[in-house]
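Report on the structure given below.
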Amino acid sequence: YAAEGVDLATITITDNTAVLSLIEGKAGLIDLLNEETVRPGGNDKAYVYKLLNHVGTDATPLFKRRNDAEYQFGIRHYAGNVTYDARGFVVRNRDTLPVDLVQLASRCGNGLIKSLFSENDLKQNVGRTWVGVTVWSKFRDRLNELMTSISAADARYVRCIVPNRQMIPGVTDLKYALTQLRYAGVMSAITIARASFPNRMTLELASERFGILEGKRGLLQPKEIKTNVHNLLTNVLKSDQFSDSLDDSSKQPFVCGSTRVYFRSGTLEYLEECRLRLYENKATMIQCLFRQNEAKAKLSILQKEAKLMQQNGKRKSMKKYKSFRKTLSLIMGINHKRRQNSKLVKERSKKKQGRRRSDSI
676 YAAEGVDLAT ITITDNTAVL SLIEGKAGLI DLLNEETVRP GGNDKAYVYK LLNHVGTDAT
736 PLFKRRNDAE YQFGIRHYAG NVTYDARGFV VRNRDTLPVD LVQLASRCGN GLIKSLFSEN
796 DLKQNVGRTW VGVTVWSKFR DRLNELMTSI SAADARYVRC IVPNRQMIPG VTDLKYALTQ
856 LRYAGVMSAI TIARASFPNR MTLELASERF GILEGKRGLL QPKEIKTNVH NLLTNVLKSD
916 QFSDSLDDSS KQPFVCGSTR VYFRSGTLEY LEECRLRLYE NKATMIQCLF RQNEAKAKLS
976 ILQKEAKLMQ QNGKRKSMKK YKSFRKTLSL IMGINHKRRQ NSKLVKERSK KKQGRRRSDS
1036 I
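Our numbering applies: residue 676 is where the sequence shown begins, and numbers increase by one.
Structure follows, in structure tokens:
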């Protein structure tokens, strides 16, 4: 944060530097144990005596109770006070092979193994430990190599929590689980994340990613990038959720550094939600326009088909009408002839009746 020019508010957390210095620092627990291990006649009692006299000051987390034994010392760890019994520390810290194993290897029938363990070396080196080859120093070197490898990788950790002391399935002791989270440093990590800026992003990426929220894409000038990103995020975050915190320097939802922008907890999620909502609205508009054009195309096709159907229908109806007229005219002509024929028949019948009357008279 200091390199980026960001003023980070003071966060009250438990500092474990004193314990680390006590264990790994100069003339600390590791150095004194290695010294006592390689010293002729070194023993556990002398190690605890040196530890309490050389390191045991008021500023260190090392302590000793009045009634403690000569082999015990205590450390105020982050998780609480822990009392250690130093019996066997010096012997276990020696990186030496057992005498029986060395004697057996020196008398082995295999020439290669026998050459590695000669009786002269056995007499000179059995029980001796050289500086820098103790168990604790080896463990520290391997731990440093592991931390170097982890730092070079993008590591992810899974914190395993024991649900209860009885190892009963389906039962969770909340107090016990919370104690594990607190002692493992998870609660402090959450406190730091909430009080500081857990999310960060380069200024270029922030401008490219959230510039669409104001209808802008990309950057104008590299010199104006910090001002552009600050104005962009300020305008976007002018809502009920962040309106009060924008004016408070200790609660600002974001801070722009020289190359990065830092977000408080919840700010980046809100911006991503706004961006996703905008994309959804734009996608809906695109779908509407596409469906509108598709519907218009279908409508024009239907209109053309309707006109063709109407034209075809008119032609067919005209043909039917003409055929109907012809049929009707034929029917009317037949009826007219029938009427004429009926009139002629009636006239002929009347004439015949007149003739018959005249003949009778």
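The C-beta atom is built at its ideal place from N, Cα and C for all residues, glycine as well. Quick caveat: nothing in here was measured; it's all calculated off a predicted structure.
Between the CA atoms of residue j and residue i - distance to the nearest angstrom
i: GLN1028; j: LYS995; result: 49 Å
i: GLY807; j: TYR759; result: Bear in mind that the predicted position of GLY807 carries a pLDDT of just 47, short of 50, making it unreliable; the figure below should be weighed with that in mind. Their Cα atoms are separated by approximately 24 Å.
i: LYS982; j: ASN968; result: 21 Å
i: GLU710; j: VAL765; result: 10 Å
i: PHE738; j: HIS752; result: 11 Å
i: LEU853; j: GLY941; result: 24 Å
i: ALA721; j: LEU697; result: 18 Å
i: LEU779; j: VAL713; result: 25 Å
i: LEU818; j: LEU695; result: 14 Å
i: VAL723; j: ASP706; result: 13 Å
i: ALA972; j: CYS963; result: 14 Å
i: VAL837; j: THR847; result: 8 Å
i: ILE843; j: CYS783; result: 52 Å
i: LEU776; j: LEU708; result: 25 Å
i: VAL861; j: PHE792; result: 50 Å
i: THR823; j: ARG834; result: 21 Å
i: GLY845; j: TYR851; result: 15 Å
i: ASN691; j: GLU955; result: 48 Å
i: LEU908; j: ARG935; result: 13 Å
i: ARG939; j: ARG831; result: 22 Å
i: LYS1021; j: SER998; result: 34 Å
i: GLN986; j: ALA958; result: 42 Å
i: TYR858; j: ARG952; result: 41 Å
i: ILE750; j: VAL757; result: 5 Å
i: ILE961; j: LEU974; result: 20 Å
i: ILE865; j: HIS729; result: 37 Å
i: ALA702; j: PRO715; result: 19 Å
i: LYS789; j: SER863; result: 56 Å
i: THR754; j: SER781; result: Going by the sequence as given, residue 754 is Ala instead of Thr. The straight-line gap from Cα to Cα measures roughly 48 Å.
i: TRP805; j: ASN839; result: Residue confidence for TRP805 is low, a pLDDT of 43 falling below 50, so the modelled location carries little weight; the figure read from the coordinates is stated next. Between TRP805 and ASN839, the C-alpha separation is close to 45 Å.
i: LYS1025; j: THR1002; result: 35 Å
i: GLU633; j: PHE965; result: The shown model of the chain, from 676 to 1036, leaves out residue 633, and the question about it has no answer.
i: SER826; j: ILE867; result: 20 Å
i: GLU948; j: ALA970; result: 32 Å
i: GLN841; j: LEU849; result: 13 Å
i: ALA744; j: LYS725; result: 15 Å
Contact set for residue i: own chain, Cβ-Cβ below 7 Å, skip 5 residues either direction
i: TYR937; result: VAL681, PHE872, ARG875, PHE929 and VAL930
i: GLY717; result: GLU711 and VAL765
i: LEU946; result: PHE885 and VAL911
i: THR877; result: THR934 and ARG935
i: ASP829; result: none
Cutoff 6 Å; reference residue i; Cβ partners in own chain excluding five residues on either side
i: GLY932; result: GLU679, GLY680 and VAL681
i: LEU977; result: none
i: HIS905; result: CYS931
i: ASN785; result: none
i: ARG803; result: Confidence at ARG803 is low in this model, with a pLDDT of 48, below 50, so its placement is unreliable and the value that follows should be read with caution. Closer than 6 Å at Cβ, skipping near neighbours: no residue.
i: LEU943; result: ASN874
i: GLN855; result: ILE836
DSSP beta-bridge partners of residue i
i: GLN747; result: ASP760
i: CYS931; result: VAL936
i: PHE792; result: Answer is none; PHE792 lacks a bridge partner.
i: PHE738; result: GLY749
Residues near residue i in its chain [Cβ-Cβ closer than 8 Å; skip 5 each side]
i: ARG762; result: ASP719 and TYR746
i: ARG950; result: ARG884, PHE885, ILE887 and LEU888
i: GLU699; result: ILE705 and ARG815
i: LEU727; result: LEU737, LYS739 and PHE748
Cutoff 8 Å: residue i Cβ touching any chain B Cβ
i: LYS971; result: The chain inventory of the structure shown lacks chain B, comprising one protein chain alone.
beta-carbon residue i near the ligand HEM non-hydrogen atom, thresh 7 Å
i: ASN718; result: The ligand HEM is not among the ligands present in this structure, which contains no ligands whatsoever.
(message) Runs of 4 residues minimum, wholly inside the region 834–916: which ones carry the alpha helix (DSSP H) assignment?
(response) 849–858, 861–870, 878–885 and 900–911
(request) Tell me, please, whether the region 807–816 touches the region 760–780 by the rule of three or more beta-carbon pairs shorter than 8 Å. (result) yes
(request) Write down every uninterrupted run of the alpha helix (DSSP H) in the region 689–713 whose length is 4 residues or greater and which is fully enclosed by it, in chain order. (result) 692–699 and 704–713
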